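Residue numbers for the sequence shown follow my numbering, beginning at 3 and rising by one.
Here a beta-carbon is modelled for each residue, glycine too, at the ideal position from N, C-alpha and C.
No experiment lies behind these values; they were computed from the predicted model shown.
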Amino acid sequence: MRRPWGEPDQSLWGKARGLDQELAPYPLVRHLLDAAAVALFLWDEHLSENQRRCIAAGWGLSQDLRRSRALMGLCAGLHDVGKVSAFQFCDRLAVARLSDALVSDQGKIGSERFGHDVAGMRAVLEVLAVLCGDVDSLTEAELEVVDRIAEVVGGHHGCFHRLDPVHTGPAYRDLLGGVTWAEQRVAHAGAVFGVLGEPELPGSFSAPAAVLVTGVVILADWLVSQEGYLKVRQRSLEPGLEAHFARSCRDAERLVREAGLLSVELQRRSFAEAYGIADGANALQRSVVSRLPAALSRSRQSAEWGKGAGILVVTAAPGDGKTEAALEAERVLSDCFGTRGFAFLLPTMATSDQMHARVAGVLARQGGVGAGLTLTHSMAWLSAAYARDEPSGESGRVLVCDGDEERDGGAARHRADMRPVQWLRGAKRPLLAQFAVGTIDQALMGVLPVRHSALRLLALSGKTLIVDEAHAYDPYMQVLLGRLLNWLGAFGVPVVLLSATLPASVSDRLIREYLTGAGHRPRALRGRSFPVPYPGWLYVDGSTGECAQIDEASRQEQVQQRHMLLKVQVEPVDGGARSGEGSRLAVMERVLAPVLEGGEGCALVVCNTVAEAQDTFAHLKGLVSGAGSAVDLQLLHARIPGDVREERTLAVTSGMGRSGPRPVGRIVVATQVVEQSLDLDADVVVSDLAPLALLLQRAGRCWRHETWWKAHGRPGGRERPGWAVKEGPRLVVLDPVADGGLVPHAWRGVYHEALLAETSAVLAERGGVPVALPEDVQGLVERVHGDRADRFDWTNPEESAVWTAFLGEESAQRAAGNFAVVQRAGQVAGLHALHREGRWEEWEATTRLGADSVRLLCVYVHPDGRETLDVQGLVPLPAAGRGDRSAVSDVRQVMGRTIAVRAEWFRDAKGVLGVPEGWVEHPMLGDLVVLRQPVRDGVAERVAVGGRQVWLDGELGLRRE
């Protein structure tokens, strides 16, 4: 290795904390070479083809991937060059080993306080000017590239900073040390520059490409900063830097493999084998498999040049196999656009847990075991998929920088087989897995100004993104989702949106955002609409904007396969009455009489609030007990401890799913938790009035498997009861708005009264005419949820006041979303705009408006002072460990008993609801709210909190009155 820029002084250290203090700290130049080596391997083996093309195109090097690879290594190798600064004085022992030349030429080090990431950003121009010639020899375009590389270096700790030209001038250079220090920054960078073949600067460096490069730099830095790796290298340093770099290149494969970041090629099976569906694909799924590849044939050439992929929207009724259609589409899209794997994202943790089990089976049946499948949501580590895991040893711990940085704080078998390696379950890492299932929030964080957003975007950019239940997000989240699609369009990432009830106005906005990111002018898209066939699919090419869709013959075949006439029975109720003939409970009792009295049939009751679900269950239990009926009653809602809720969900779905065994008589009382992704088949569905799209979602649980059972036989041979056969598929709507009634006060915080009133009016207009499924779905959705010009009556403004208020609230939510998100990909000039002169930590950002919640732990206090997790006193509250080192099994046990509740319930009562003293510093237990319920004579008493009585009922769940 020739060194025209001087020899690196190896007394300058890169890592010290956690290493052997008897030895010299790990030299900075070796850490830079390690990072460069791993970045090269990540380019070769971890990045997908579309990621490499996107980055190369951002450098203007679409036809020169080798040079692009070297530039990637250079960015990683420069990431810590800012440690040749005041950083060196952050460790007492390490300072004592600095060379005399450095100690005697400190300049004005320490006169101004800033991190080594900022120091590196300010030093890049000086360094690259020497390596590439001199400042005067660099063209304007090359200077812009240098500035972008500086932004990447400044962002390697997760937050981009503003690059002010003033800070790169001579007046500020002395703040980083004297001439000797400046020479060493060049020497350290030169060592990396030399082993990479002295790559020439590119002619451009786009902001989207820079975001991905930053993600790779962060990832490479994390991998080579693992404690176990550094300890081994510290004890056996090679005598020369060339040999050190060669070993780092050899080690890179092991580091990446042990982190679970090497992809696996699936052994693609037939549809029936892959999904365990004996009948094979339905018409919708066959159409995706047969027609989508032809639609993509013109996209392949664009993909080869690093240009747009495309967005696919699949719409069909609940139970029509959209999940399998999406996974088949992913197979086709990944093959065309060079992505590896997918991220399957859903609205809630409960639906994510369900989907994780399904996807695990699909991957396991196709040889995907080695790839690992992560579950990505805040409570994923409590899932049964990870239940047997133990904490990782110290070898996997990433050593954060010293001194100027903070510390970062059947189905079962398939899930076990697909369990990801421990490294991928660390903070901010699960999306990096080849396959991931989780909540949409994890991806939306990528377009909020939070730390390491670049890493999230890197993780998503190499996959096909599948977003389920695309209708389920409010206007605020729709803005965030649209912005995410904009960035993914810029990266050339294929996207699949799934929905049963997606208004055309929403799908149009999302598609336009994607196309804008892919390079289309917003003005050209402004007047375009993208109607999606129902049921069916629409594919929009990101490069050309051309559309392809399901053929009409397949659509009609799908309609015939799934055709069902749904009787909608509207029952007016008195929303303010708790008893009497017209009360909600009295009407429900009448509707459910065939099940209650005959003891046969399965009914699903969906309530709008938890309190109403609890009251309904208690009322029905009284009726069943009084009559001596054998009907099984189940209650399912969100205010039940997590472990109990998981058990109840399994009990409900296993009995009323496709395979049974189907109970003789059962009534499930639930809230909105059953609207999405739960496989239930009820003989009748009874629902409180809800916005029409959600009523259709709830109705999707009525006679859900009838077509399948007719073809393959019913579970246990049990037919539907006679009363159900006589009535046919039926949705009973309990409507307090009918006949001029008012929306109950308790519902107004759940659904806007404008949507409820409009739904009630539409149902009244139909006059009992059955809803043809799936033919009538899209028209009904548009009638209530679509953008319509006739919402406001200019001749009678008072009649439109409620709807006007609703539109105002939606507008305010969109405005809040636009304020929160980062700029669109094509609008970013400086990367600092992605963090707005600062950053949010993840706990400071919100992906959902009104989602300010806490996790509540209900504890039982016995007369002798013992605190337990059960009212019987058999499960003691786990003792706190030292600091944050409570046993993982204990933390799991505690967190599994928690309930997510609204933070405002306990806002004025934190002093009396604190955690045990030993939990205060624990990263998860320390944030809990603990409700201590006294136990008298074996019964838990209520606790007064904020003027209300709060207690955990073992059967009904958390109550508040």
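Exercise. Buried or exposed: residue 957, going by 16 or more other Cβ atoms within 10 Å of its Cβ?
Worked result: exposed
Exercise. To which residues of the same chain is residue 546 closer than 6 Å at the C-beta, ignoring the five residues directly before and after it?
Worked result: none
Exercise. In the structure shown, what three-state DSSP assignment does residue 396 receive?
Worked result: For residue 396, the predicted structure reports a pLDDT of 43, less than 50, and the residue's modelled location is therefore unreliable. A value from the coordinates is still provided. Note: residue 396 maps to helix in three-state DSSP.
Exercise. First and last residue of the beta strand (DSSP E) that includes residue 344?
Worked result: 344-348
Exercise. Which same chain residues, not among the five before or five after residue 337, have their C-beta less than 6 Å away from its C-beta?
Worked result: none
Exercise. Do residue 433 and residue 462 have their C-beta atoms closer together than 8 Å?
Worked result: yes
For this session: With DSSP collapsed to three states, give me the class of residue 689.
Result: strand
For this session: In angstroms with no decimal places, state the Cα-to-Cα distance between residue 381 and residue 131.
Result: 48 Å
Problem set entry | Local Cβ density within 10 Å of residue 876, reported as buried at 16 or more and exposed below that | exposed
Exercise. Under a three-way DSSP split, which group does residue 1031 fall into?
Worked result: Nothing about residue 1031 can be reported from this structure: the residues present for the chain run from 3 to 963 only.
Problem set entry | Contact under 8 Å by Cβ, residue 811 with residue 505 | no
Problem set entry | Separation of residue 897 from residue 429, as counted between CA atoms | 17 Å
Exercise. The beta strand (DSSP E) with residue 634 in it runs from where to where?
Worked result: 634-638
For this session: Using the Cα positions of residue 409 and residue 123, report the straight-line distance between them to the nearest angstrom.
Result: Residue placement at residue 409 is flagged as unreliable, the pLDDT there being 33, under the threshold of 50; the coordinate-derived value follows with that caveat. Cα to Cα, the separation comes out at about 21 Å.
Problem set entry | Rounded separation between residue 751 and residue 148 - CA only | 52 Å
Exercise. What's the gap between the Cα of residue 578 and the Cα of residue 746?
Worked result: 7 Å
Exercise. Where do the ends of the beta strand (DSSP E) carrying residue 566 lie?
Worked result: 566-574
Exercise. DSSP puts residue 543 in a beta bridge; with which residues?
Worked result: 312
Exercise. Which residues does DSSP pair with residue 17 in a beta bridge?
Worked result: 28
For this session: Report all residues from its chain with a CB closer than 7 Å to the CB of residue 280; omit the five preceding and five following residues, and keep chain order.
Result: 274
For this session: Note down, in chain order, each residue of its chain lying with its Cβ closer than 7 Å to the Cβ of residue 312, except the 5 sequence neighbours on either side.
Result: 301, 496, 541, 542, 543 and 544
Exercise. Taking the runs of the alpha helix (DSSP H) that are 4 residues or longer, which of them lie wholly in the region 123-194?
Worked result: 142-156 and 172-175
For this session: Can you say whether residue 166 is buried or exposed, counting buried as having 16 or more other CB atoms within 10 angstroms of its CB?
Result: exposed
Problem set entry | Reduced DSSP secondary structure (H/G/I, E/B, other) of residue 359 | helix
Exercise. Are there 16 or more other CB atoms within 10 angstroms of the CB of residue 169, so buried, or fewer, so exposed?
Worked result: buried
Exercise. In three-state DSSP terms, what is residue 673?
Worked result: coil
Exercise. Span of the alpha helix (DSSP H) holding residue 62?
Worked result: No alpha helix (DSSP H) contains residue 62, which DSSP labels as neither H nor E.
For this session: Leaving out five residues on either side along the sequence, give the residues of the same chain with a beta carbon under 6 Å from the beta carbon of residue 269.
Result: 368 and 369
Exercise. Taking the alpha carbon of residue 938 as the point to measure from, which residue in 770, 864 and 466 has its own alpha carbon closest?
Worked result: 864
Problem set entry | Buried or exposed (CB count within 10 angstroms, at least 16 for buried), residue 820 | exposed
For this session: Using the Cα positions of residue 356 and residue 585, report the straight-line distance between them to the nearest angstrom.
Result: 36 Å
For this session: Under 7 Å Cβ to Cβ from residue 294, same chain only, skipping five residues before and after it: list those, please.
Result: 331, 334 and 541
Problem set entry | Whether residue 160 touches residue 435 by CB criterion (8 Å) | no
Problem set entry | Cβ-based burial, residue 797 [other Cβ within 10 Å; buried from 16] | exposed
Problem set entry | Euclidean distance between Cα positions of residue 454 and residue 781 | 42 Å
Problem set entry | Enclosing beta strand (DSSP E) for residue 732 [first to last residue] | 732-737
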